[in-house]
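Novice: Each residue of the sequence shown is one higher than the one before, starting from 14 at the first, in this note's numbering.
Note that CB positions come from ideal geometry on N, CA and C, so glycine has one too.
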Amino acid sequence: MTALTKFIAEARSRLDAATPRPWFVAEMPFDDRSTAVYGDNTAQVACDPHGARFITDCDVTMEWTEGEPDSSIIDRANAQLIANAPTDLERALKIIEVQAEYIKGNCECYLNIVSREDCACGVLDKVEQILKEGAE
Ligand SMILES: [Zn+2]
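Right, here's the structure in full:
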């Protein structure tokens, strides 16, 4: 198992263990603040938090922006980031896998046409190094 396949497996494991998707921010008419994130919506109405599992509410700080209602722009942006993070991560993992497979399929260094450093494999080596550095 490479550092990349280990990273993908661990990230997928965390995604699978978390509240089922889609995650969403409750909007009007259910929530006029738009800062609370929910998932596992069993309700038939989209973005209705009443049949969903509460994940977090980003409107918990003491900050208040002039001209803003109860929740600030950044609180709503944080909620959108969190609500979209699982799906964004899943897509990013799939993109990484597709790109890694393409790179492996275009290896020319085993034929000694190019050095491993100059081969597409060199990119995977850099990815491995980044993941190993991140683990420290
Ligand atoms: Zn290669």
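Give me, in chain order, the residues of the same chain whose beta-carbon lies closer than 8 Å to that of residue 71; leave out the 5 immediate sequence neighbours on both sides.
Specialist: Cβ neighbours of residue 71 beyond the five flanking positions: 48, 49, 50, 84, 88, 89, 91, 92 and 95.
Novice: Would you say the beta carbon of residue 123 is closer than 7 Å to some non-hydrogen atom of ligand 1?
Specialist: Yes.
Novice: Would residue 62 be called buried (16 or more neighbouring beta carbons within 10 Å of its own) or exposed?
Specialist: The residue in question, residue 62, is buried, as its Cβ has 16 or more Cβ neighbours within 10 Å.
Novice: To the nearest angstrom, how far is the alpha carbon of residue 107 from that of residue 145?
Specialist: Roughly 20 Å between the two C-alpha positions.
Novice: Determine the burial state of residue 56: buried for a count of at least 16 other Cβ atoms within 10 Å of its Cβ, exposed for fewer.
Specialist: Counting Cβ neighbours within 10 Å, residue 56 comes out exposed, since fewer than 16 surround it.
Novice: Whose C-alpha, out of 137, 21 and 37, is nearest the C-alpha of residue 117?
Specialist: If we check each option's Cα against that of residue 117, 137 comes out closest.
Novice: How is the beta strand (DSSP E) around residue 70 delimited, first residue to last?
Specialist: Counting along the chain, the beta strand (DSSP E) containing residue 70 begins and ends at 66-70.
Novice: Looking at the structure shown, is residue 43 part of a helix, part of a strand, or coil, going by DSSP?
Specialist: Of the three classes helix, strand and coil, the one that applies to residue 43 here is coil, per DSSP.
Novice: Going by DSSP in three states, residue 136 sits in which element: helix, strand or coil?
Specialist: Note: residue 136 maps to helix in three-state DSSP.
Novice: Quick one: what's got a C-beta closer than 8 Å to residue 37's C-beta in the same chain, skipping five residues either side?
Specialist: Within the same chain, residue 37 has close Cβ partners 50, 51, 52, 54, 59, 60, 65 and 96.
Novice: For residue 15, which residues from the same chain have a beta carbon less than 7 Å from its beta carbon, with the 5 sequence-adjacent residues on both sides left out?
Specialist: Taken in chain order, the residues that qualify are 141.
Novice: Please find out if some non-hydrogen atom of ligand 1 comes closer than 7 Å to the beta-carbon of residue 98.
Specialist: For ligand 1, not one heavy atom lies less than 7 Å from the Cβ of residue 98.
Novice: Here's the rule I'm using: 16 or more other beta-carbon atoms within 10 Å means buried, otherwise exposed. How should residue 29 be labelled?
Specialist: Exposed.
Novice: Buried or exposed for residue 101, going by 16 or more other Cβ atoms inside 10 Å?
Specialist: Answer is exposed; the Cβ neighbour count stays below 16.
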